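Visitor: Numbering (the UniProt record's numbering), first residue to last: 1 to 175.
Pasting a structure below so you can have a look.
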């Protein structure tokens, strides 16, 4: 990847794939729709093609985020490193998400976070600093569709990551 330094760390912020409509079910237990399963498989293939095999996965504890990761992982066709399912990610705002990222193993080079809107887009906007792709920045400021992911890169340790401390390289959608 052009502009990638040998010590660069990549953070991939993935919004879960399309879920079944809410209603009588508790939001936390909503499952993926058939379209969501298709989207998640496309995400996994896209991550593989981009060389974004995660060393660490932080996944919200909701059913739809866990299903998104399961389907994407199968399509990725590679072993991800440590997977942590987090209740905190279900309700986290952008700054709480940043705190979770700061606690990641310092040896991890690629971290994938599977979460929810509006937190995923707000976190991408919060972290995007100098050198970010302007089109991607505009898109994350208005929210992102299901099964889309933002790729950010930073040269600092996870524990030192600050707002505006990464470059937003691109936003990828499943369609």
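Where a beta carbon is used, it is the ideal one built from N, C-alpha and C, also for glycine.
Every value quoted in this text rests on a predicted model; they were computed, and no experiment measured them.
Ignore the nearest five residues each way along the sequence and tell me which others in residue 113's own chain have a CB closer than 6 angstroms to its CB.
Guide: 13 and 58, listed in sequence order.
Visitor: What does DSSP give as the partner residue(s) for residue 103 in the beta ladder?
Guide: Bridge partners of residue 103: none, in fact.
Visitor: For the candidate residues 95, 25, 110 and 115, whose alpha-carbon lies nearest to that of residue 50?
Guide: It is 110.
Visitor: Cβ of residue 168 within 8 angstroms of Cβ of residue 136?
Guide: Their beta carbons are under 8 angstroms apart, which means residue 168 touches residue 136 by this criterion.
Visitor: Per DSSP, which residues does residue 115 bridge with? Please list them.
Guide: According to DSSP, residue 115 bridges with 15.
Visitor: Put residue 84 into one of helix, strand or coil per three-state DSSP.
Guide: Strand, per DSSP.
Visitor: Apart from the five residues on each side of it in sequence, which residues of its chain come closer than 7 angstroms, Cβ to Cβ, to residue 73?
Guide: These residues qualify, in order along the chain: 44 and 80.
Visitor: Excluding the 5 residues flanking residue 118 on each side, which residues of the same chain have their C-beta closer than 8 angstroms to its C-beta?
Guide: Closer than 8 angstroms at Cβ, skipping near neighbours: 143.
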